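Undergrad:
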Amino acid sequence: MGGSRNRMKTLAPDAPDVTVRNCEDVVRLLAESINQVRKGQLDPRVANAVGYLANVLIRALEQGEVEARLAALEAALAAPRPARQEVAP
Numbered sequence: 032m033g034g035s036r037n038r039m040k041t042l043a044p045d046a047p048d049v050t051v052r053n054c055e056d057v058v059r060l061l062a063e064s065i066n067q068v069r070k071g072q073l074d075p076r077v078a079n080a081v082g083y084l085a086n087v088l089i090r091a092l093e094q095g096e097v098e099a100r101l102a103a104l105e106a107a108l109a110a111p112r113p114a115r116q117e118v119a120p
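All the letters of the sequence shown, read from the start, carry residue numbers 32 to 120 under our numbering.
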């Protein structure tokens, strides 16, 4: 058998790529990976790598959101403000 028992179970090379653009996509990917591990279709070491990379991706997505919000706030602060009109008593 010479190590064939220790072969990692990975997805087929022709398996479709997964598009991950937001946290919902990450949740979907992790749920699919969990089910594949449970069914013996995916090696837990591969699923562990997927989980780690998903965590890195979520942090990058969150960082992108923070940067976009900060840019919007900076633009709002830099925009000229209308002159205030004083109200006579």
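Backbone N, C-alpha and C define an ideal beta-carbon position, used for all residues, glycine too. Remember, it's a predicted structure, so these values are computed and weren't measured experimentally.
Just how far apart, CA to CA, sit PRO111 and GLY82?
TA: Translated into the one-based positions of the sequence shown, residue 111 becomes position 80. Translated into the one-based positions of the sequence shown, residue 82 becomes position 51. Between PRO111 and GLY82, the C-alpha separation is close to 46 Å.
Undergrad: Could you say if the stretch 84 to 99 and the stretch 36 to 55 meet the contact criterion of at least three C-beta pairs nearer than 8 Å?
TA: Touching, yes, given that three or more Cβ pairs across the two stretches are closer than 8 Å.
Undergrad: Cα-Cα, which of GLU117, ASN66, VAL77 is closest to ARG38?
TA: Translated into positions along the sequence shown, residue 38 becomes position 7. Cα-wise, what sits closest to ARG38 is VAL77.
Undergrad: Label LEU73 either buried or exposed according to how many other C-beta atoms from any shown protein chain fall within 10 Å of its C-beta, with 16 as the threshold for buried.
TA: Locating residue 73 in the sequence shown gives position 42, where the first residue counts as 1. LEU73 should be labelled buried.
Undergrad: Looking at the unbroken alpha helix (DSSP H) that takes in GLN94, where does it start and where does it end?
TA: Counting from one through the sequence shown, the residue named residue 94 turns up at place 63. 75 to 109 is the span of the alpha helix (DSSP H), which, as asked, contains GLN94.
Undergrad: Alpha carbon to alpha carbon, what distance is there between GLU93 and LYS40?
TA: One-based indexing of the sequence shown puts residue 40 at position 9. One-based indexing of the sequence shown puts residue 93 at position 62. In a straight line, the C-alpha of LYS40 is about 32 Å away from that of GLU93.
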